[in-house]
Amino acid sequence: MRQRALLVIGLFAALGCTEPKVTLREGPREYVGADYDSVLQKWTRSGQLTNVNVMDNVLTVTATYESWDFRWAFVVRYAEDYRLTVDQRHALLERSLRESRERHSFYVALYAQRHKWNDLTTSEPAWIVRLIDDEGTETAPIAIEPIKRPGAIELTYFPYTTPWRSAFRITFPRVLPDGRPAISPKAQWFGLRFAGAQGNQELVWNLAAD
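Letter by letter, the sequence shown follows residues 297 to 506 of my numbering.
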């Protein structure tokens, strides 16, 4: 099982190197359940932070941005797997897309050199997480929800989740208190930055011109 998990993580890391461009454009999609894996890959980024003094990885992190596009594919796959009725699928899709308009959410799984560094919810975490973009916008999360015991949903739909990683859903506001969007309309990329005493690691989603 561990070998399979490492293979999945390696696949996402390799795909992250290509940095495919994504779009935040809304609108209907024509996905089928079989499309989910490719959509997941498109919206997932991985990175490793290495301490050059000891040549050791102090942080390995993978994150999926739960965009409008991703949510559409997720609901289609989920509805197919759980044999939802048309009405149930429609209600789930409406609720999920509404959430995407209210906040930016990321599913994150990470492994740190020391177990206590895995916890992003402590009063003094080893890593401070921020949503950033190339326009200089930097946003603190409004919620970091630990997923203490990932179940069938997390292990199936986010296959980089493993027993050796800590999983979280991290949420950011779409609009800052001063009225600016958390991701600038002029941004060419946005990302997550994990920063701490050991260094910092950024996961970047490059944006296609709409």
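The beta-carbon is built from N, C-alpha and C at its ideal position, and this holds for glycine as well.
Query, Result
"Over the uninterrupted alpha helix (DSSP H) stretch that includes E390, give me the two end residues.", "382 to 398"
"In three-state DSSP terms, what is I449?", "helix"
"Which residue marks the beginning of the alpha helix (DSSP H) containing A369, and which one marks its end?", "364 to 377"
"Extract the residue ranges of the alpha helix (DSSP H) inside the region 412 to 474, only unbroken runs of 4 or more that lie entirely within it.", "448 to 453"
"For V404, which residues of its own chain have a beta-carbon under 6 Å away from its beta-carbon, when the five flanking residues on both sides are left out?", "A359, F464, I466"
"Starting from Q497, trace the beta strand (DSSP E) in both directions and tell me its first and last residue.", "495 to 502"
"Where do the N-terminal and C-terminal ends of the beta strand (DSSP E) with L488 fall, by residue?", "485 to 492"
"Quick one: residues in its chain with C-beta nearer than 8 Å to the C-beta of V354, no 5 flanking neighbours on either side, listed in chain order?", "L345, T346, N347, A408, Q409, W413, Q494, G495"
"Could you give the C-beta distance for H367 and D506, rounded to a whole number, given that I count them as a contact under 8 Å?", "At residue 367 the sequence reads Arg, which differs from the His that was named. At roughly 18 Å, the Cβ-Cβ gap does not stay under 8 Å, so R367 and D506 are not in contact."
"Between R399, S363, A375, which lies nearest to H386 when the distance is taken from Cα to Cα?", "A375"
"Are L488 and F370 closer than 8 Å when you measure CB to CB?", "no"
"Which whole-angstrom value describes the C-beta separation of V252 and L388, a residue pair presumed to lie in contact below a C-beta threshold of 8 Å?", "The structure shown does not extend to residue 252, since the chain is modelled only from 297 through 506, so no value can be given for it."
"Quick check on DSSP: helix, strand or coil for L320?", "coil"
"For V500 and R426, I'd like the C-alpha separation in whole angstroms.", "12 Å"
"Excluding the 5 residues flanking G492 on each side, which residues of the same chain have their C-beta closer than 6 Å to its C-beta?", "A422, W423"
"Across which residues does DSSP place Q344 in a beta bridge pair?", "T356"
"Can you tell me whether A478 is buried or exposed? The criterion is at least 16 other CB atoms within 10 Å of its CB, across all chains shown.", "buried"
"Can the beta-carbon of N502 be found less than 8 Å from the beta-carbon of E315?", "yes"
"Where does A408 fall in DSSP's three states?", "strand"
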